[in-house]
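Novice: Just so we're aligned: the sequence shown equals residues -42 to -1, 1 to 381 in mature numbering (1 follows the signal peptide of the UniProt record, and there is no 0). Positions of the beta carbon are idealized from the N, C-alpha and C atoms, including for glycine. Have a look at this one before I ask anything.
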Amino acid sequence: MKHRGRHRRRRQGRALRAALAGTALALTAAATMISASQATDADDPGALKPLTASAETAPLRLTEHHVPREALDRLSDGMGGPVGVGSVLADPDGSLGDAEDCTDDDRRALPAEPAATRAYCWPGADTDGWRSGAVTTSGDADDDGRWGEHRVILSGWSRSTGAPAEDGLARVAFVDAGDPDDLRYTWALLTVPVDGGRDYRGLGSAVSGMVWYQDKLLVTAGPADDSALYVYDLGRVQRATVDGTSVGRVPGGWSAAGARYVLPAVASYRTSGAGAPRPDGISLDRSTAPDSLVTREAAPVDEDGPTRLWRYAFSTEPERAGLLDPDPVGAYETELTDVRGVLSYRSGWYLGRMTGTPEERGTLWRQDTEGARPTRCGADETHRCWSGPAASLSYWEETGDVWSQSGRMLFALPLTSVDRSLD
């Protein structure tokens, strides 16, 4: 597979900007047309309410559980030893489409305002039956924005197996983002070691939250799981040896439901006790000292709120690189309901809210302890101009871009454009 030439990249860059500009205008017009017929957005939710009482914060405390080292080494030895992220990127399964080549139906998932400045679509043949979820990047992993020499985006996907006794599968695409005009990806299945490392099972979870920090990838667990977060070590990516639909050890080797790579969990976290809130959307905040993981709680669709938001500090101990300190270091309540994406930077919390069905426009708010402001759809009064299905927000501090994913669209926009569009 050959790289495109410089002149082609320039032409594509101009075409991309034109396509995104046209898409943004069309989406803004659509948002304006439907605003009169849709229910009013949440009125001003006001300021975040700090939660300080021990009865409010104690259920948020984490307990940490590690997969025994001997089990991880047994699995690694049985699968032929780990491979590096660079090797995964050099062995792509396919390429993402540029925005101008995406279908109109796919582009409808983009936000109307603020508009995406970069956008790509996943091929249908490789994602049919799978649901897009969280996004994280090498901008989270390291403050220089790179993992080694590579710029990388990790894109999480999940699907149901259809079997009543099974929770589904989750996978991550390693996207080589070094050339913005040629994004290539490779799939790895998220798994959990079992039987002392002699086998593994698939992670049964919708990937609603994901943060890559240093050499660890933290992923939210689903409601059927007794864990809150799973931890993966990017130094333990394994190669599957059998191409099949099964998961785990099979005659002749190891299978990963069609993926050619496997990530086995190395640890997990649980919140404290029955009724404790379960983290759902998560993201990294590099504006705190130390860096922190922020989260919003998973709430039933019919829940009237409020929604809890909180954070954990990453450990500063060298031997605990990429792991969390167990106690929350800040917790709040927001009156916003149906919150999907969550991002914290400096004093503000950016909250993506689904305000109807996933096909309808959502809203994006910036909230702090002083008040709340939504982004606007241009000069129109409606605030419904965000992407409804977008469940993840990831800030690449080195470039100033926020990355998200909605339907088959992977997109980015500057955080400054979000702040400019606030009402």
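If D100 sits next to T178, beta carbons under 8 Å apart, how far is it from one beta carbon to the other, in whole angstroms?
Specialist: 22 Å between Cβ atoms; not a contact.
Novice: Is it the case that the Cβ atoms of E28 and G206 are separated by a distance below 9 Å?
Specialist: no
Novice: Expressed to the nearest angstrom, what Euclidean distance is found between the alpha-carbon atoms of D102 and E356?
Specialist: Distance between the alpha carbons of D102 and E356: 6 Å.
Novice: Kindly indicate which three-state DSSP category A29 falls into: helix, strand or coil?
Specialist: helix
Novice: Among D184, S45, S163, whose alpha-carbon lies nearest the alpha-carbon of L192?
Specialist: For L192, the nearest C-alpha among the options comes from S45.
Novice: Answer yes or no: do S364 and L68 have a C-beta to C-beta separation smaller than 9 Å?
Specialist: yes
Novice: Taking 9 Å as the CB-CB cut-off, is G310 touching chain B?
Specialist: Considering every chain present, this structure includes no chain B. It has just one protein chain.
Novice: Once DSSP output is grouped into helix, strand and coil, what is the label at T374?
Specialist: helix
Novice: What does a CB cutoff of less than 7 Å around A135 pick up in its chain, not counting 5 residues either side in sequence?
Specialist: The residues are R109, V110, I111, L141.
Novice: Count the other CB atoms, across all protein chains shown, that sit within 10 Å of the CB of R65; report buried if there are 16 or more and exposed otherwise.
Specialist: With 16 or more Cβ atoms within 10 Å of its Cβ, R65 is classed as buried.
Novice: Considering only residues of the same chain and omitting the five flanking positions on each side of D86, which have a CB-CB separation below 6 Å?
Specialist: none
Novice: Comparing alpha-carbon positions, which option in G114, Q172, L47, D139 lies nearest D98?
Specialist: Q172
Novice: To the nearest whole angstrom, what separates the beta carbons of S96 and R104, a pair I think is in contact under 8 Å?
Specialist: 5 Å
Novice: Across the region 324 to 335 and the region 4 to 15, are there enough close Cβ pairs to call them in contact, namely three or more that are closer than 8 Å?
Specialist: yes
Novice: Please report the straight-line C-alpha distance between Y143 and L18, rounded to a whole angstrom.
Specialist: 35 Å
Novice: Roughly how many angstroms lie between the CA atoms of P209 and K174, to the nearest whole one?
Specialist: 31 Å
Novice: Excluding the five sequence neighbours on either side, which residues of its own chain have a C-beta within less than 7 Å of the C-beta of P347, listed in chain order?
Specialist: A67, P316, S364, G365
Novice: My guess is that A223 and V25 are in contact by the Cβ rule of under 8 Å, so how many angstroms apart are they, rounded?
Specialist: 6 Å
Novice: Tell me which residue opens and which closes the beta strand (DSSP E) that S302 is part of.
Specialist: For S302, the uninterrupted beta strand (DSSP E) run begins and ends at 297 to 303, by DSSP.
Novice: Given this structure, state the Cα-to-Cα distance separating A271 from L281, to the nearest angstrom.
Specialist: 9 Å
Novice: Any heavy atom of the ligand NAP within a distance shorter than 8 Å of the CB on T95?
Specialist: This structure does not include the ligand NAP; it has no bound ligands of any sort.
Novice: Taking the alpha-carbon positions, what's the E58 to P264 distance?
Specialist: Their Cα atoms are separated by approximately 40 Å.
Novice: Residues in its own chain within less than 6 Å of V297 by CB, not counting five upstream and five downstream?
Specialist: R254, T265, L309, R311
Novice: My parser needs the alpha helix (DSSP H) runs of 4 or more residues fully inside the region 10 to 78; what are they?
Specialist: 12 to 15, 27 to 36, 43 to 47, 62 to 65
Novice: I believe S241 touches V252 by the beta-carbon criterion, under 8 Å. Please report the beta-carbon distance rounded to the nearest angstrom.
Specialist: 6 Å
Novice: Rounding to the nearest angstrom, what Cα-Cα distance links G216 and S379 in this structure?
Specialist: The straight-line gap from Cα to Cα measures roughly 42 Å.
Novice: Who are the near neighbours of P248 in its chain, counting only those whose CB is closer than 6 Å to its CB and skipping five residues on each side?
Specialist: A271, F272, T274
Novice: Roughly how many angstroms lie between the CA atoms of A289 and R269, to the nearest whole one?
Specialist: Their Cα atoms are separated by approximately 7 Å.
Novice: Counting only the same chain and skipping the five closest in sequence on each side, list residues whose C-beta sits under 6 Å from that of S90.
Specialist: W115, Q363
Novice: Please give the ranges of any beta strand (DSSP E) in the region 197 to 235, keeping only runs that are unbroken, at least 3 residues long and fully inside the region.
Specialist: 205 to 208, 211 to 214, 219 to 229
Novice: Give the range of the alpha helix (DSSP H) segment to which D98 is assigned.
Specialist: 96 to 99
Novice: Enumerate, from N- to C-terminal direction, the unbroken beta strand (DSSP E) stretches of 3 or more residues contained entirely within the region 244 to 325.
Specialist: 250 to 255, 265 to 272, 282 to 292, 297 to 303, 306 to 311, 321 to 325
Novice: Taking Y353 as the reference, which of R228, S226, S375 has the closest Cα?
Specialist: S375
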